[in-house]
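Just so you know, we're using this note's numbering here: the sequence shown kicks off at 5 and counts up by one.
Every residue gets a Cβ at the ideal spot worked out from N, C-alpha and C, and that includes glycine.
Just so we're clear, the structure is a prediction, and the values are computed from it rather than from any experiment.
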Amino acid sequence: MNNKYELIYEGKAKKVFSHDDVDKVIIEFKDDATAFNALKKAKFEGKGKLNCLISARIFEFLIKKNIPTHFIELKNENTIIAQKIKVIPLEIVLRNTAYGSLCKQTTIRPGTDLAKPLIDFYLKNDELNDPLITKDRIELMNIISSNDLNLIVDLTLKINEILKIFFKNIQLRLIDFKLEFGYDSKNNILLGDEISPDNCRLWDLNQKNDTIVSLDKDRFRNDLGGLIEAYSEINRRINKVI
Ligand code: UDP
5 MNNKYELIYE GKAKKVFSHD DVDKVIIEFK DDATAFNALK KAKFEGKGKL
55 NCLISARIFE FLIKKNIPTH FIELKNENTI IAQKIKVIPL EIVLRNTAYG
105 SLCKQTTIRP GTDLAKPLID FYLKNDELND PLITKDRIEL MNIISSNDLN
155 LIVDLTLKIN EILKIFFKNI QLRLIDFKLE FGYDSKNNIL LGDEISPDNC
205 RLWDLNQKND TIVSLDKDRF RNDLGGLIEA YSEINRRINK VI
């Protein structure tokens, strides 16, 4: 990145730089992968570019469906321009099918279809290991008003309906995903972060039998191999339909 732009923040998978316009930021997607709260780390050449391209296409699609997001435009293959937001320190996870931590923490069997989408809130706090929290605890900590939390829940449910169809059209089953939101300078709530196989579980529907084929970060979490091949396949399918 051109050093005229100041690095404002570096996270596990992205770098955020300043922009000439103070209301905008430049976000660069990195090749680093982390799992289990960064206990497991690796680098996959090309992952940043793939996530950036996939996420950009998905955000463009959501914007067309009137979802307010931070996304402005793709700058190059691994960089986007976005609205600057004050990130709300919550991870909003929506689950259509039980998998991952839900099955480790409950008696629900992996692969169980949920009668209705489940929304779980996690506190974004590395020191505390991003704990699962409740609506009441969010209120207690004054993170956001209950009105804004309701707004975020409604947006998340709406995004799920849009994404389920989007992915089904490219023969993928949307198991679960994580979203982050923030406030822009006018205090509007915008969808931030990214939507990519790093923060969605996507199972291939092009399977003759019932075996689960994960085309997402579970390839890294569970040492399945073929992460770049899986992400490339998703990018290929998205570009075929759009
Ligand atoms: N997720 C994420 N970041 C996190 C934790 C989870 O993007 O820090 C996503 C994950 O990719 C999955 C969904 O949220 O699509 C649900 O993850 P889960 O709670 O099952 O966590 P995990 O199995 O990763 O422990």
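Same chain, Cβ closer than 8 Å to Asn83, five either side skipped, listed in chain order: Checking the sequence shown, residue 83 turns out to be Thr, not Asn. Answer for Thr83: Met5, Ile30, Ile31, Glu32, Phe33, Cys56, listed in chain order.
Arg223 to Trp207 span [Cα, whole Å]: 11 Å
Asn203: CB within 6 Å of a non-hydrogen atom of ligand 1: yes
From Asp36, Asp227, Ile147, residue whose alpha carbon lies closest to that of Leu54: Asp36
Per-residue burial, Leu228 [other beta carbons within 10 Å of its own, 16 or more giving buried]: exposed
Exposed unless 16 or more other CB atoms sit within 10 angstroms - verdict on Asp180: buried
Coarse secondary structure for Ser22, derived from DSSP in three states: strand
Segment contact flag, the segment 147-165 with the segment 86-94, C-beta cutoff 8 Å, min 3 pairs: yes
Check: Val97 C-beta below 6 Å from any heavy atom of ligand 1: yes
Any non-hydrogen atom of ligand 1 closer than 6 Å to Lys182 Cβ: yes
Backbone secondary structure at Phe224 - three-state DSSP: helix
Collapsed DSSP secondary structure at Thr269 in the structure displayed: Outside the shown range of the chain (5 to 246) lies residue 269, about which nothing can therefore be said.
Outcome for Asn151 when other beta-carbon atoms lying within 10 angstroms are tallied against a minimum of 16: exposed
Check: Ser22 C-beta below 6 Å from any heavy atom of ligand 1: no
Same chain, Cβ closer than 8 Å to Leu176, neighbours up to 5 away in sequence not counted: Leu206, Trp207, Asp208, Leu209, Leu219, Ile238, Arg241
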